[in-house]
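A.B. asks:
2 protein chains.
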Amino acid sequence: MKEDILYHFNLNTGTLNFPAKFGDVKFVCVGGSPWRMKSFAEYIAGELGLAVPNAEYPNICESTDRYAMYKVGPVLSVSHGMGIPSISIMLHELIKLLYHARCTDVTIVRLGTSGGIGLHPGTVVITKQPMDATFLPRFEQVILGKSVVRSTELDGDLAEELLQCGKDLAEFDTVIANTMCTLDFYEGQARLDGAFCSYTEEDKQNYLAKAYAAGVRNIEMESSVFAAMCKLSNLRAAVVCVTLLDRQKGDQLSSSHDVLHSYQQRPQILVGHYIKKKLNASKKS
Amino acid sequence: MKEDILYHFNLNTGTLNFPAKFGDVKFVCVGGSPWRMKSFAEYIAGELGLAVPNAEYPNICESTDRYAMYKVGPVLSVSHGMGIPSISIMLHELIKLLYHARCTDVTIVRLGTSGGIGLHPGTVVITKQPMDATFLPRFEQVILGKSVVRSTELDGDLAEELLQCGKDLAEFDTVIANTMCTLDFYEGQARLDGAFCSYTEEDKQNYLAKAYAAGVRNIEMESSVFAAMCKLSNLRAAVVCVTLLDRQKGDQLSSSHDVLHSYQQRPQILVGHYIKKKLNASKKS
């Protein structure tokens, strides 16, 4: 029988039999696209030796098309759509799910793509701290009509462990840096190619230079609320995004489809290596 | 040959052959769910007498799973995901598409679901003006690190025409009222059932009562940026959302699946009637 877990119109996690189904979850990987999170589930099944030939991984949230969720052993792979509001709905429901399933010692990682600043395209950025569009390390939201500011602190040890995985693999550049999180992809990220643009190339470059000076090396659209909500829930959290272009050099992607595809694999290769390493270490101990 | 239109990583509308494919578009209907917008495309095909037995409507944006787009004669049906950032990416790209295709006299309607305030569930709300979470009729966004405030004015005549369609149909209650647009579904809408809640039922009721006093009768998550961007582009725009529950009475849906399904059809029935009426009138003139 199928159960709807992630659907903000009918979620009622308390009434479902979660401990049996989800109690063993130790790693949650989230990303924007349902298709990519299905692909991650297949990848991690292979990495962990849990792959079954011709297996179809069922989407646990199949009856909603708003999110997708796959479970492979101790790993959940969940899509979150685009932007802060979309990921925030998913995280509210995921955190309730983990609570009701009595999961302990859970590590959660957002895998994504981003625009880089001053990095070679294809560099993987492990976020030190998400910053808002004014380069402050905070997430501001409105609750009951009043502004509430939350910390976007992530787990520093986890970031260092992930950086070490990048060194183990030695397949691509991996750095720890600040990430700017915006509410808009075009004007909010100083792009010149949206439907509207009220500033010049020079204004754009000045803004990106200020971001660089604040330690920002990539820009995406979900990390701040992700960090804030994980911190409030005591989840060990990290953000791992590959840069697809250098925004100081342009606004549109210029790499070939194959090159972009290989870049997009990098966060999952890094995080897959991390999960395998942790599971092997826990078997030995 | 398939072309990617709505995908923020590879959009380049200027290079595609748009006039031939999209020049006849007069109505654009947008909604959160790709599944529902496919269903709307099928519905409007039937209403306009354009349905072909066993026809499959191709998703024009098939190679991205972030949005879906269907075209039925002069009507585009496009999904936008959840929340302001997600719909804003789609609208930037849609507005560029309409511009390059040299479309004129286009009407755009957002069809959606919402939480009601002081209305019977199932009431259809045609938005007078979207308001932010402090009940101001504005959309604030950050551009180059600075706050920019935009008007959320919608087309008053179009709202009245849609209200008249509700009267023509006489199948369900339809009202014109203000709509509150929030960045968060749980804490941002004073829900008590999210992963976190730092306020009481009384605080929630006080907040909803203030919204009611400001003329707000429903709450959703996309209308403010939709109104602002359509106004900047001179698109005739309306927001038509059904209320699925009365938020003063609860936070979770209590109606049966069948009842909710019938509520969800109402915006498309109303807008389908409007489109048919306009097309018939233009044939006669």
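Going down the list, the sequences are from chains A and B.
Quick note: to get my numbering, add 53 to the position in the first sequence (first position is 1).
Quick note: to get my numbering, add 53 to the position in the second sequence (first position is 1).
Idealized CB from N, CA, C, for every residue including glycine.
(1) Where does the unbroken alpha helix (DSSP H) through Ala262 (chain A) begin, and where does it stop?
(2) Identify which residue in A:Phe188, A:His310 and A:Glu95 has its Cα closest to the Cα of Asn271 (chain A).
(3) If contact is defined by three or more beta carbon pairs under 8 angstroms, each pair taking one atom from either stretch, is the stretch 205-220 of chain A in contact with the stretch 112-123 of chain B?
(4) Name, please, each residue of chain B whose Cβ falls closer than 9 angstroms to the Cβ of Ala284 (chain A).
(5) Which one of B:Thr232, B:Asn231 and B:Tyr260 has the shortest CA to CA distance from Leu245 (chain B)?
(6) Whole-angstrom Cβ separation of Gly136 (chain B) and Gly136 (chain A), contact assumed at under 8 angstroms?
(7) Answer with yes or no whether the minimum CB distance from Gln194 (chain B) to chain A is below 8 angstroms.
(8) Among A:Gly198, A:Val292, A:Val159 and A:Pro87, which has the Cα closest to the Cα of Val228 (chain A)?
(9) Measuring only the C-alpha atoms, how far is Leu147 (chain B) from Pro111 (chain B)?
(10) Relative to the C-alpha of Ser141 (chain B), which residue among B:Ser276, B:Lys329 and B:Ser307 is closest?
(11) My parser needs the alpha helix (DSSP H) runs of 4 or more residues fully inside the stretch 244-328 of chain B; what are they?
(12) By Cβ distance below 7 angstroms, which residues in the same chain neighbour Val128 (chain A) in space, the five residues on each side in sequence not counted?
(13) With distance defined between alpha-carbon atoms, name the residue in B:Val162, B:Met274 and B:His145 nearest to Tyr239 (chain A).
(14) Going along chain B in order, which residues have a C-beta closer than 7 angstroms to the C-beta of Tyr87 (chain A)?
(15) Taking only three categories from DSSP, how would you classify Tyr110 (chain A)?
(16) Using a Cβ-Cβ distance under 8 angstroms, would Tyr327 (chain A) count as near chain B?
(17) Quick check on the DSSP output: the beta strand (DSSP E) that includes Cys82 (chain B) runs from which residue to which?
(18) In chain A, what lies closer than 7 angstroms to Ile170 (chain B) by C-beta?
(19) With H, G and I counted as helix, E and B as strand and the rest as coil, what does DSSP make of Met90 (chain B)?
(20) Closer than 8 angstroms, CB to CB, is Tyr239 (chain B) near chain E or not?
(21) Does DSSP classify Ser130 (chain A) as helix, strand or coil?
(22) Along the stretch 264-281 of chain B, what residues have a CB closer than 7 angstroms to any CB found in chain A?
(23) Going by DSSP, which residues form a beta bridge with Phe238 (chain B)?
C.D. replies: Based on what the coordinates show:
(1) Note, Ala262 (chain A): alpha helix (DSSP H), Glu254 to Ala266.
(2) A:Phe188
(3) Result no; under three Cβ-Cβ pairs closer than 8 angstroms.
(4) The sequence shown places Lys at residue 284 (chain A), not Ala. None at all; the shortest Cβ gap to chain B is about 11 angstroms.
(5) B:Tyr260
(6) 5 angstroms
(7) yes
(8) A:Val292
(9) 18 angstroms
(10) B:Ser276
(11) 254-266 and 276-285
(12) Result list for Val128 (chain A): Phe80, Cys82, Ile97 and Ile328, in chain order.
(13) B:His145
(14) Note on residue identity: the sequence assigns Pro, not Tyr, to residue 87 (chain A). Those are Asp118, listed as they occur along chain B.
(15) coil
(16) Proximity of Tyr327 (chain A) to chain B, defined by a Cβ-Cβ separation below 8 angstroms, is not satisfied.
(17) Phe80 to Gly84
(18) By Cβ distance, chain A contributes nothing, its closest Cβ being about 14 angstroms from Ile170 (chain B), past 7 angstroms.
(19) helix
(20) Note that chain E does not occur in the displayed structure, where the protein chains are A and B.
(21) strand
(22) Within the stretch 264-281 of chain B, the residues whose Cβ lies closer than 7 angstroms to some Cβ of chain A are Met274, listed in chain order.
(23) Per DSSP, none; premise fails for Phe238 (chain B).
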